[in-house]
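Undergrad: Chain order of the listed sequences is P and W.
Each residue of the first sequence is one higher than the one before, starting from 2 at the first, in my numbering.
Each residue of the second sequence is one higher than the one before, starting from 2 at the first, in my numbering.
Number of protein chains: 2
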Amino acid sequence: MAAKHVKEMEALKEHLGKHQLKLTRQRELILSAFLRQEHITAEAMYHQLAKSDPHLGLATIYRTLNLFCDAGLAQARHFGSQTQYDNIAHKGHHDHLICTGCDKIVEFENCDIERLQEEVATQNGFIIKTHRLELYGLCSRCRH
Amino acid sequence: MAAKHVKEMEALKEHLGKHQLKLTRQRELILSAFLRQEHITAEAMYHQLAKSDPHLGLATIYRTLNLFCDAGLAQARHFGSQTQYDNIAHKGHHDHLICTGCDKIVEFENCDIERLQEEVATQNGFIIKTHRLELYGLCSRCRH
DNA sequence: ATCATTTTGAGACAGCTTATCAATTTCAAT
DNA sequence: ATTGAAATTGATAAGCTGTCTCAAAATGAT
Chain P
2 MAAKHVKEME ALKEHLGKHQ LKLTRQRELI LSAFLRQEHI TAEAMYHQLA KSDPHLGLAT
62 IYRTLNLFCD AGLAQARHFG SQTQYDNIAH KGHHDHLICT GCDKIVEFEN CDIERLQEEV
122 ATQNGFIIKT HRLELYGLCS RCRH
Chain W
2 MAAKHVKEME ALKEHLGKHQ LKLTRQRELI LSAFLRQEHI TAEAMYHQLA KSDPHLGLAT
62 IYRTLNLFCD AGLAQARHFG SQTQYDNIAH KGHHDHLICT GCDKIVEFEN CDIERLQEEV
122 ATQNGFIIKT HRLELYGLCS RCRH
């Protein structure tokens, strides 16, 4: 367990304590790997951790990532046919401009949009954990 | 085919023509049903259309809804374990607030966000055709 | 160290979507 | 209107993602 993830480790322990759950070697391992990512799928983590622990089961990874969601450390987001588990602590979110002509993807960040999103959420009694913004259109080259 | 959906019907025909695809009774039927919805799952449409055509296959509905996505009439959105097909013409410009606690969906519209999106796109040489904005978080009840 | 409780790993299982393929339908060219 | 190549359909098998089952192992309070 890297020292820099102590805060998240404590948060997990607190959740475990409150719900009569136990701290296991696997949960520590998966948390450590998870906190290094911005977002990851269970399958990707399964392959990534196969080196560290070849016997770590896929079901355990799913269970543990869902546990992280319950503990407020992760956020599940359905993307394509898979579930992405977002690292809530991770900063530096960016959105996407996607050209439907050539599939080019441009990443961008806009504080004003983020602020307005918060405003909308507050008006509706929501607290935002993550978001997804994708703008689909034609880039300058594909516009002809 | 209802007369009010002529525009979408033309758009579909144009797409079919460009890709050597054919206009079938099923495609007309499914388009007609789809345009009456704001968003729908393949399964829901399957049951809904069972009255009109008991032999219409589920696979055909999936294929056709995906065709509508290619034609720019629909947009697939993965939510929970299912895929929602959004009616782009009907939906116009509204986005979603999604509660990850109870799966509640609140639709909203915000002109300022739309304007900023256009701004970002212009700065990057893009012309937006559609977009998707989803805010994930907890609603007032699930926040505890 | 003991022992009730929780967790794990492996595979079975379930839900949603796509692939397969023979039979049918479409549509451009007669 | 008929023909025939190509696309589409319907039924179902197969694939993929994620959850459930359960015996064996690990945890942690005593």
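Positions of the beta carbon are idealized from the N, C-alpha and C atoms, including for glycine.
Nothing here was measured: the structure is a model prediction, and the numbers come from that model.
When you compare the CB of S141(W) with every CB in chain P, is at least one pair closer than 8 Å?
TA: Cβ-Cβ to chain P under 8 Å: yes for S141(W).
Undergrad: Would you say C100(W) lies against chain P (beta-carbon separation less than 8 Å)?
TA: Chain P, which has a Cβ nearer than 8 Å to the Cβ of C100(W), makes this yes.
Undergrad: For chain W, is any of its Cβ atoms less than 8 Å away from the one on G1(P)?
TA: Since the first and last residues shown for chain P are 2 and 145, residue 1(P) lies out of range.
Undergrad: Among L50(W), S82(W), H40(W) and D113(W), which residue has its Cα nearest to the Cα of E29(W)?
TA: Ranking the options by Cα distance to E29(W), first place goes to L50(W).
Undergrad: For a test of your reading of the model: does the CB of F127(P) fall under 7 Å from any non-hydrogen atom of the ligand ZN? Yes or no.
TA: In the structure shown, the ligand ZN is absent, as is every other ligand, since no ligand is present at all.
Undergrad: Does the beta carbon of F127(P) come closer than 8 Å to any beta carbon on chain W?
TA: So, interface residue.
Undergrad: Using only CA atoms, which one of A72(P), F109(P) and S82(P) lies nearest to E9(P)?
TA: Nearest C-alpha to E9(P): A72(P).
Undergrad: For the region 19-91 of chain W, list the beta strand (DSSP E) runs that are entirely contained and at least 3 residues long, ordered along the chain.
TA: Those beta strand (DSSP E) runs which fall completely within the region 19-91 of chain W and span 3+ residues are 40-42, 75-80 and 83-88.
Undergrad: Could you give the first and the last residue of the continuous beta strand (DSSP E) run that contains C100(P)?
TA: Unbroken beta strand (DSSP E) run through C100(P): D96 to C100.
Undergrad: Strictly below 7 Å CB to CB, what residues from chain P border D87(W)?
TA: Within chain P, no residue comes near D87(W); the closest Cβ sits about 12 Å away, beyond 7 Å.
Undergrad: Taking only the alpha-carbon atoms, compute the straight-line gap between L134(W) and K23(P) and give it to the nearest angstrom.
TA: Answer to the nearest angstrom: the Cα atoms are 38 Å apart.
Undergrad: Tell whether a beta-carbon distance below 8 Å holds between L66(W) and Y86(W).
TA: Going by C-beta atoms, L66(W) is nearer than 8 Å to Y86(W).
Undergrad: Using the Cβ count rule (16 or more neighbours within 10 Å means buried), how would you classify F80(P)?
TA: Per the 10 Å Cβ criterion, exposed.
Undergrad: May I ask you to report which of helix, strand or coil DSSP gives E135(P)?
TA: Three-state result, E135(P): strand.
Undergrad: So, are the CB atoms of C143(W) and C112(W) less than 8 Å apart?
TA: No, Cβ-Cβ distance for C143(W) and C112(W) is not below 8 Å.
Undergrad: Would you kindly check if the distance between the Cβ of I106(P) and the Cβ of I114(P) is under 8 Å?
TA: Contact: no.
Undergrad: Using 8 Å for Cβ pairs, my map puts Q83(P) next to T131(P). What's the rounded Cβ distance?
TA: Not confirmed; about 16 Å, so no contact.
Undergrad: So V7(P) contacts chain W; which residues on that side make the cut at Cβ distance below 9 Å?
TA: What V7(P) touches in chain W: nothing, since even the nearest Cβ is about 25 Å away.
Undergrad: So which of H56(P), E119(P), H20(P) and G138(P) has the shortest CA-CA distance to I129(P)?
TA: The shortest C-alpha separation from I129(P) is found at E119(P).
Undergrad: In angstroms, rounded to a whole number, what distance separates the CA positions of T61(P) and A12(P)?
TA: The alpha-carbon atoms of T61(P) and A12(P) are separated by roughly 20 Å.
Undergrad: What distance in whole Å lies between the Cβ atoms of A43(W) and L59(W), which are believed to be in contact at a cut-off of 8 Å?
TA: 7 Å between Cβ atoms; contact.
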